[in-house]
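Take the UniProt record's numbering: the final residue in the sequence shown is number 576, and no numbers are missing along the way.
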Amino acid sequence: MESPTLGFSEECLLAQTSVRDREELAYKILASLPRSSIAVVQRRVAPLLQLDVVGLLPDEVALLVFSNLPYQSLFTCCLVSRRWRALADDQSLWKNLCATRGWRWKTSTSTCGVSDGQCYEQYDDSDDEGMGDEEDSMEAVQHMLLPEDIVNSPLGLRSFSPEMSPPAAIAPSRTLYDPNNVPESSERATQQSSTNLPSPSCWATPTLPKPDYKLLYQTHIRLRNRMLAGSCTLSSLQTRGSTHGHTNAVYCLQLYTYPETGVQVLFTGSKDHTVREWDLRSGGVVRVIDGIHEGSVLSISVNNGFLASGGSDRRVAVWDLTKNKLVRIIDDHLDSVLCVRFDDDNRRLVTCSKDRTVRTYSLPNIIPQHVLVDHRAAVNAVSVSPKYIVSASGDRSMRLWDAEKGALLRTFEDHHGRGIASIDFKFPFILSGSSDKHLRLLDISTLQGWSTSPELDTRTSAPSLAPTTICETCGSGSAIMGCSDRLGAMGRQRAHEDLVRSVALSSDFVVSGSYDFTVKLWDRQTGALVADLAGGHTGRIFCVGFDCTKIVSCGEDQRICIWDFSHGIDTTFISL
């Protein structure tokens, strides 16, 4: 039915009537109508009551309002209206959000020259596994068996138990290493050498599209959700006997991205005295550094085009990756060098040793700076920030040092029940793993944190134990099924069953590798066990590392395992 229209006289009459009188008139008219008619009027009036205040604002002001929203709310705003979606999709908002998390869009790169090298030489070694003895503990000395002692013992390596089978989320192992991608030359050399393949530092990545920072953020959320769900595939970069791979236990590793090209590679150090560089795209060895160490390579650190390695021969070697040449050999330590680390600003190199000392060197000239002498047993690990150095020892203590002055700032005595084997430090958090089979995370600004050992847990109240996945479309959150029980009923029981040899820390997660053959992924904030990654190794795990897409691990079984959480997701635009 066509709506009646007001005549000229009625409009003039209403115009001369006050607002208050018109309100009263409208109310009386509505009150005289049946309920069904009032409902019809209500539906017609409702749109007149809706006002999109944000939509009426200038773009600059509206974006300023949206810039104060968390990313979950921005996802929700996209569902309100076309106008809100256009505002919530603005690249400046997502670029700022990515910047706060340190997430960067990979930039296009250019190529550089390629240099040739020689093949590597194999060595034989009978030295230790790169961790010192505990303070005044003969039991601990007996516990730290050499790899060859275990192999030659009547028991041999521990056999795999059904409990160690891969979780359902992990696909059967597939070898990525392709011998066809490696030169077939068998020439050996006793000097520093590398394979004939060009280093990934000289390979260009494809030109990438214009940055889409919302896509970048959504992809990181998807990867985070994958990690929370423990959804990954397992592959082996190297297994025992692989052609051109390490010929003995692999003690250390580090993921590294060449700043010139954006290409990510993996460096590994081994008991065979060599350091190898692996191309993660092909699975091939592209560089072998040998002839430098006369013993096991126990630790490596790569930063800003330089690689430092520490060995059981008491040496620290610094290698220029761009020029592919040795820069310096340091012979200052009196016993095995157990850990070497560059700081993030590339101003300092820090080393520690079985001789119970920590040494620092200023860069770029590698000038000796400080000798830190305070530990009562071997210093097994160090971790560095631009301002601080953290050292961990078999004496069960951690020490915090002023990096510039070399002054001892704080001692954390009896931080674990037994000697500390590994640490990672990202201010203000220190993560440690120990011979007592436990992990511990400590916020040094509040002295609060969590541990897999109830006796060491410093939390004042029970945490929320259910990690939450975020929908990358609408921003809604949902707890991971079963996670609420992981730290209580499962987390405590499924802490590591042997020494925690390696730990790694990020803003969201903690990764640990143990002598119990397993890699475990934990929620950094709560300490909840997120994923128990078994089935990759058949021997003790010596080192782990990870980024937002994968976890890598190595050990005495010569395997280099990659636990990939990015399967089926395009991550080519993510700067790793």
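Every residue, glycine too, gets a C-beta built ideally from N, C-alpha and C.
Check whether the Cβ atoms of residue i and residue j sit closer than 9 Å, and answer yes or no.
i           : j           : result
residue 524 : residue 553 : no
residue 427 : residue 441 : no
residue 41  : residue 49  : no
residue 337 : residue 312 : yes
residue 394 : residue 420 : yes
residue 251 : residue 542 : yes
residue 106 : residue 574 : yes
residue 304 : residue 267 : no
residue 412 : residue 397 : yes
residue 328 : residue 318 : yes
residue 353 : residue 410 : no
residue 545 : residue 363 : no
residue 261 : residue 571 : no
residue 90  : residue 78  : no
residue 500 : residue 438 : yes
residue 382 : residue 356 : no
residue 527 : residue 445 : no
residue 134 : residue 418 : yes
residue 324 : residue 287 : yes
On the criterion of 16 or more Cβ atoms from any shown chain inside 10 Å, does residue i qualify as buried, or is it exposed?
i           : result
residue 269 : buried
residue 348 : buried
residue 146 : Because the pLDDT of residue 146 is 33, which lies under 50, any placement of that residue in the model is unreliable, and the number read from its coordinates should be weighed accordingly. Exposed, since its Cβ has fewer than 16 Cβ neighbours within 10 Å.
residue 216 : buried
residue 264 : buried
residue 277 : buried
residue 299 : buried
residue 558 : buried
residue 12  : exposed
residue 238 : buried
residue 432 : buried
residue 18  : exposed
residue 514 : buried
residue 235 : buried
residue 228 : buried
residue 556 : buried
residue 371 : exposed
Per DSSP, which residues does residue i bridge with? Please list them.
i           : result
residue 561 : 236, 553
residue 400 : 390, 410
residue 424 : 431
residue 308 : 301, 318
residue 253 : 268
residue 545 : 552
residue 502 : 513
residue 592 : Beyond the ends of the chain as shown, which are 1 and 576, falls residue 592; an answer cannot be given.
residue 381 : 392
residue 520 : 512, 532
residue 360 : 350, 370
residue 337 : 353
residue 574 : 105
In the DSSP assignment, find the beta strand (DSSP E) that holds residue i and state where it starts and stops.
i           : result
residue 451 : 448-451
residue 264 : 264-270
residue 540 : Here residue 540 belongs to no beta strand (DSSP E), and DSSP marks it neither H nor E.
residue 277 : 275-279
residue 495 : Looking at the DSSP string, residue 495 is not in any beta strand (DSSP E), and its letter there is neither H nor E.
residue 368 : 367-373
residue 376 : That residue, residue 376, is in no beta strand (DSSP E); it is neither H nor E in DSSP.
residue 440 : 439-443
residue 106 : Note, residue 106: premise wrong, no beta strand (DSSP E); not H, not E.
residue 532 : 529-533
residue 289 : 285-289
If I follow the unbroken alpha helix (DSSP H) through residue i, where does it start and stop?
i           : result
residue 325 : Here residue 325 belongs to no alpha helix (DSSP H); instead the beta strand (DSSP E) covers 325-330.
residue 92  : 91-101
residue 221 : 213-229
residue 84  : 82-88
residue 354 : Counting along the chain, residue 354 falls outside any alpha helix (DSSP H), and DSSP gives it neither H nor E.
residue 22  : 19-31
Does the CB of residue i have a neighbour CB from chain B at under 9 Å?
i           : result
residue 222 : Absence of chain B from the displayed structure is noted, only one protein chain being present.
Q.
Could you tell me which whole alpha helix (DSSP H) segments of length 4 or greater appear in the region 42-78?
A. 53-56, 59-66, 71-77
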